[in-house]
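Going left to right, the sequence shown walks through residues 62 to 652 as the numbering used here numbers them.
Ideal Cβ placement from N, Cα and C applies to all residues, glycine included.
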Amino acid sequence: MSLRADAGECGGVVVEFESDDIRDARAKKARSIPGSALIYLKGPKFLIYVSGALSMWGDRMWHFAISVFLIELYGRNLLLTAVFGLVVAGSVLLLGALIGDWVDRNPRNKVAHASLFIQNISVTVCSIVLMLVFSYKQWIEQIWNGWLTVVCYTVVIVLADVANLASTALTIAIQRDWIVVITGYNRGHLAGMNATMRRIDQVTNILAPLAVGQVMTLASNVVGCGFILGWNLVSLIVEFIFLSRVYRIVPALSIKPQVDDVEEEVTLGRQEKRESLPGDPKVRETQGAIENCNTSIHLKQVSSLPLCLRRIRWLLSTCKEGWKAYYRQPVFLAGMGLAFLYTTVLGFDCITTGYAYTQGISGSLLSLLMGVSAITGLMGTVIFTKLRKAYGLVNTGVISSCLHLSCLTLCVCSVFAPGSPMDLSLLVPIAEVNSSAAETGGLVSQGKRHTYPFLGSNNQPLLPDRSSIHWTNSTVLFENIPSGTGPESYVSIILLFLGVITARIGLWSFDLTVTQLLQENICESERGVVNGVQSSMNYLMDLLHFIMVISAPEPQHFGLLVIISVLFITAGHTMYFMYARKAKRKQQLNT
């Protein structure tokens, strides 16, 4: 049983995904060869794993460190961090299609090398700038009445954003395109490589921030910048060598349909379709002449524009065509369903961990819970491979969706469980709540009895001394700040984290399912632009969840955010169910 990617409509190369029986036979034969371990270590899969591990480790260290650096630079205020997050999300949202189109139009080795070089050099230069700013901050603040400091902040944010864009391009190229070619379009091997890459990502997501956090805590920010700088330089060399070797030993990577050739095939297809229409040949010739005339007039109008306007017009047209290509994909609903899962507060980010801290959960316990969540994430990758082999890829997504939603019901129950700070009276305008708090002298009301505000004046720095900070992934936890008495009951917070942790099994299994569906069903000539638009959608929905938190920032609002998050996740899985229904109907018609 084989599956052909329907790529003829968009001019891509038609490929055949091998069955699991062929894969198992090849694996058995490979195990019988002496020295197979050495062959594997020199093979493309292992080189991709090592290169991916180095890249992911560097990315995780940098994403964690840059947020902390920006907080330290701006007087321990979150403004620069918020600006950086907005710039990163906005740039990928606007440029995702352009990045993907660039990946499609250029040879694979040039895309990988250019993305790798731009990413690591940007981080290296940014680290040097940060080291200078931390070392000579007082002197820099006195130049140009402090405007040099603003320039340094701008340079840091721009370079960090460029590094993130290059990282996005590299991820699309390697994890969405190279892997498909390296596995020889074998669905079993593809699932195995996807799961392994996700396991590497899960491990680095925990260990990398802890490693760089220890360096920053035990030494200084300058030493932390130097550590990241050295890592990126070494990683750049190793990754460049490994990716070059993979490109040489896998000849199929050098064969790539050019987008220009695809556009020409589409144009010829339209012409053949017009000629196949019934009617008078003279009428068809007249219609063709009119279309050609309109096209020539349009080209003349475009060529008369200034070069800069033509460039802007081309960029806008590329973005438009990218979103159209995304919409016409057979897996459009599955991709949209995955994007909707990003609009949630039910994850181990700064929002959920911050809420847990206000409910009396210590930093050490939170770190332990994050480790447990990483283990359940790894379980999800293992379950994915088992389910896919037993029930097929589409059914694996359905099972993973049901598992994910069933675990999240615990989070919904936590909103109404004992110990929950949920207060529906807070649905009134926030101004009234603030005025009420002012009348009571800032004391915590009955509806806020489970909230533990920080003590001190309004001018107190946001972060305490470095000695009281635990550096963890995506958040900064405190140890020596008074948090008041514990809540009346821990049932609510236990149910919340039990749901979040167990739901990661279904979440990562579902994520891998949609990832492989995108890999298998998108034609080779459009992999880059479609995955670029998918990244844009993910960032857009992620922005919505931050807007939700900004609109309802109090711990008493968190229960409402949980309910909204579950609604978004349910909508996302509903979209996948619709896709699965269409896919099964199409399969039945074909058989």
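Every alpha helix (DSSP H) of 4 residues or more that sits fully in the segment 94-175 is shown, in chain order, as 97-103, 105-134, 140-166.
Annotated as distal: H634 and G567, with beta-carbon spacing of 7 Å or more. Given a length threshold of 4 residues, each whole run of the alpha helix (DSSP H) inside the segment 579-642 is given here in chain order: 588-612. Comparing alpha carbon positions, the residue from C187, F629, L448 closest to W569 is L448. In the pairwise beta carbon analysis, the segment 389-402 is classified as touching the segment 577-591: at least three pairs are separated by under 8 Å.
Of all alpha-carbon atoms in F607, M254, V627, the one lying nearest the alpha-carbon of V443 is that of M254. Remark: three or more beta-carbon pairs, one from each stretch, lie closer than 8 Å, so the segment 401-410 and the segment 601-609 are flagged as touching. Here C468 is buried. Its C-beta has 16 or more other C-beta atoms within 10 Å. For L399, the closest of V172, V594, T185 by C-alpha to C-alpha distance is V594.
Taking C-alpha positions only, A632 is separated from M639 by approximately 11 Å. Between V242 and P105, the C-beta spacing is not below 7 Å. With fewer than 16 other Cβ atoms from the protein chains shown falling within 10 Å of its own Cβ, I204 counts as exposed. For the 7 Å CB-CB criterion, L131 and T142 form a contact.
For the segment 411-483, the full-length alpha helix (DSSP H) segments reaching 4 residues or more read 411-419, 424-452, 454-477 along the chain. Burial check for Q390: the Cβ neighbour count within 10 Å reaches 16 or more, so the residue is buried. A direct Cα-to-Cα measurement between I373 and I562 gives close to 46 Å. Rounded to whole angstroms, the separation of the alpha carbons of C474 and C380 is 42 Å. Here K385 carries a helix assignment [DSSP, helix/strand/coil]. With a beta-carbon spacing of about 54 Å, E382 and P479 fall beyond the 8 Å limit used to define contacts.
Across the set L251, A269, V144, the C-alpha of V144 shows the shortest separation from the C-alpha of A221. Taking every protein chain shown into account, the CB of T215 has fewer than 16 other CB atoms within 10 angstroms, so this residue is exposed.
Residue Q263 holds the alpha-carbon nearest to the alpha-carbon of M431 among V455, Q263, L370, V459. Residue range 282-310 is occupied by the alpha helix (DSSP H) that includes E300. Residue K171 holds the alpha-carbon nearest to the alpha-carbon of L314 among K171, S281, Y551. Annotation for T405: no alpha helix (DSSP H) segment contains it, and DSSP assigns it neither H nor E.
Residues Y416 of the same chain have their beta carbon placed closer than 6 Å to that of F619, with the five preceding and five following residues left out of the count. Assigned with DSSP and collapsed to three states, Q648 falls in helix.
Pairing R565 with T413 gives a Cβ-Cβ distance that is not under 7 Å. Put simply, the backbone Cα of K643 is about 38 Å away from that of I611. Look at Q199 here: in three-state DSSP terms it is helix. Judged by their CB atoms, V164 and I233 are nearer to each other than the 7 Å cut-off. The segment 206-283 contains, as complete alpha helix (DSSP H) runs of 4+ residues, the segments 208-234, 240-243, 248-279 (chain order). The Cβ atoms of T278 and S596 lie no closer than 7 Å to each other.
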